[in-house]
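Have a look at the structure below before the remarks.
Residue numbers (this note's numbering), protein chains in the order written: chain Z, 99 to 220; chain A, -6 to 498.
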């Protein structure tokens, strides 16, 4: 179980980091999501992996640590809200710049438009 | 148990919730209520400062759970100092925003108050995971505030800021998980207690976790390899938001000071002083980088944003000396730099309002209407930020220079701070002389009039550097006591023995 779990975390984190380094906002958002899955699984495993254990002492022979479960729950809620926000922001970026490049418009092609924006931006 | 400790959290929470439901109320009512909330917050912070000044630790355990099993809020001198510093800055930023910057978004005041809520939780909490939650609260409010003001120029810096901080949150969670998996606790006092007992086979997991935590705090504090997001984001933000963000990097610095002086403090055995040998060189390089950025900046707001990075470098350099004097000097400098940089952001905005399309760019432009008033404010701010006598920046830098013991560290610190100070002086004088002295003929179509609120807010924040000089004696006594308290981590561990309600009689 440990090996499969570790491989899953590793695969999720590696693909997450790879996608984060892409130049378009959509892969970056997907990368953030994958990274947060990997992190949540990792956090869950910090209370040790037990099968058939309940988080209440005395109910079964083996019990599992309830605190990481609570932490993961908090992290999932926060991560979900943040992902929703970043999706909206990525859409706004697409609408503002007619391009979903993470740096807005590609420089060189239309630097004049950029400087016009600076002035009228307020 | 002391219920006053919840006041700096509950006041902005309830004030912010009221604002959420009052999005369509008349703007004057919303402004009055929002400003009342900030004033109440300042009053509560001052009460806590007076309480904390007796040098004892006060704890508030949520749900009456005996620490380390529940979440605790802990008030000591450092937390009280940070609270007062933040609420003073927030009050003036809020006052400035009422001068017109809060229009255009019905939830501006709610976001502003939630930002304060997150900051105050971060300063008061005694639990590592709760610190993560506080960071998320203040970050999500700051994402909203950073985008405030309309226009398209903020989208890209905002996107970078959000994505970087989400990656930071992921790293924070990983390091919390690593530390928890070995120690089985996240309460900072309990962690400090257990650090010495970590077995040899597990010590590397804790070390890796601790170093990753330093990366996260370094990202928040904008230490060199992680600082390039800051100038663009801050320079594009609306002025009162940028001024409030002057305290955001200080949260990272507070977290470094709290976690590394307590959890990885003297009692931690093999783990004591973890990562501190990295901090000193990084801080000096950050300082140098900030000065280079300031010299090359094309607009006043970018110049002030690089000043934020200069102050981060100076602060961390003094803190990483690891001595009581160094920490005390850093805290004194912290007060000075946060208020002055906040004030400079506001002054830069006032200047850009009077220069038409030249805005805050460092170029020649027609005369401003309120040239004398604005130039005096800019002069005071620049003198205080660059560290010239007779203002507070000079005393703060003097304290930092005095705190280092002779040796190679002293050579590095003195040369980098003094040469850096000289070059930042050049950057400020270049900006000031071009903006205020080199004028061209012509007129600006719509010269905005200075309203009373905005000039009072910007002026007061900059003038605080004179107040710091006048009160230098009491302030340095307080920072000395704070530093001494911070370096005695055994006293903090004592909060684990705090009697709960109903069991002490």
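Every residue, glycine too, gets a C-beta built ideally from N, C-alpha and C.
Please read all numbers here as calculations on a predicted model, not as lab measurements.
A straight-line Cα-Cα distance of about 15 Å links residue 377 of chain A and residue 308 of chain A. By the neighbour-count definition (other C-beta atoms within 10 Å, threshold 16), residue 411 of chain A is an exposed residue. Restricted to the segment 19 to 80 of chain A, the beta strand (DSSP E) segments that are unbroken, complete and at least 3 residues in length are 51 to 54, 65 to 68, listed in chain order. Taking a Cβ-Cβ threshold of 8 Å, the residues of chain Z close to residue 122 of chain A are 169, 172, in chain order. The beta-bridge partner set that DSSP reports for residue 316 of chain A is empty.
Secondary structure of residue 179 of chain Z (DSSP, three-state): helix. In the pairwise beta carbon analysis, the segment 113 to 120 of chain Z is classified as not touching the segment 142 to 157 of chain Z: fewer than three pairs are separated by under 8 Å.
Close partners of residue 179 of chain Z in chain A (Cβ separation under 8 Å): 133. Rounded to whole angstroms, the separation of the alpha carbons of residue 53 of chain A and residue 163 of chain Z is 25 Å. In this structure, DSSP gives residue 390 of chain A a helical state, which the three-state scheme calls helix. Annotation: the continuous alpha helix (DSSP H) that includes residue 371 of chain A extends over 364 to 379.
In the same chain as residue 283 of chain A, and ignoring 5 residues on each side of it, the C-beta atoms closer than 6 Å to its own belong to 299, 302, 303, 306, in chain order. Residues 12, 13, 16, 137 of the same chain have their beta carbon placed closer than 8 Å to that of residue 100 of chain A, with the five preceding and five following residues left out of the count. Only residues of its own chain outside the window of five on either side were considered, and among them 228, 341, 353 have a CB closer than 6 Å to the CB of residue 294 of chain A, listed in chain order. At least one C-beta of chain Z is nearer than 9 Å to the C-beta of residue 163 of chain A.
Between the alpha carbons of residue 335 of chain A and residue 456 of chain A lies a distance of about 11 Å. Near chain A, meaning a CB-to-CB distance below 8 Å, the residues of the segment 185 to 206 of chain Z are 187, 188, 190, 191, 194, 195, 200, 201, 202.
A Cβ-Cβ distance of about 5 Å is found for the pair residue 129 of chain A and residue 176 of chain Z, placing them in contact under the 8 Å criterion. Around the Cβ of residue 22 of chain A, a 10 Å sphere holds fewer than 16 other Cβ atoms; the residue is exposed. When beta bridges are read from the DSSP output, residue 155 of chain Z appears opposite Z:158. In this structure, residue 153 of chain A places its C-beta atom within 9 Å of the C-beta atom of residue 225 of chain A.
In terms of CA proximity to residue 136 of chain Z, Z:102 leads the group Z:157, Z:124, Z:102, Z:192. DSSP, reduced to helix, strand and coil, places residue 231 of chain A outside both helices and strands of the structure shown, so it counts as coil.
Within 10 angstroms of the beta-carbon of residue 419 of chain A lie fewer than 16 other beta-carbons, which makes it exposed.
A direct Cα-to-Cα measurement between residue 220 of chain A and residue 269 of chain A gives close to 19 Å. Residue state for residue 213 of chain A is assigned as helix, using DSSP reduced to three classes. With contact defined as three or more Cβ pairs closer than 8 Å, the segment 459 to 471 of chain A and the segment 359 to 366 of chain A are not in contact. Here the segment 205 to 220 of chain A makes no contact with the segment 51 to 71 of chain A; the two share fewer than three CB pairs at distances below 8 Å.
Within the same chain, and ignoring the five residues on either side of residue 185 of chain A in sequence, the residues whose Cβ sits closer than 8 Å to its Cβ are 255, 256, 258, 260, 261, 482, 485, 486.
Residue contact check for residue 166 of chain Z against chain A: a CB pair falls below 9 Å. Sixteen is the threshold: since fewer than 16 other Cβ atoms of the shown chains lie within 10 Å of the Cβ of residue 20 of chain A, the residue is exposed. At a beta-carbon threshold of 9 Å, the residues of chain A lying near residue 133 of chain Z are 159, 160, 163, ordered along the chain. DSSP places residue 180 of chain A within a strand segment (E or B) once states are collapsed to three. Using beta-carbon distances, residue 117 of chain Z does not count as an interface residue toward chain A, since no partner is under 9 Å. DSSP links residue 442 of chain A through a beta bridge to no other residue. Contact check for residue 124 of chain A against residue 161 of chain A fails: the beta carbons are separated by 9 Å or more.
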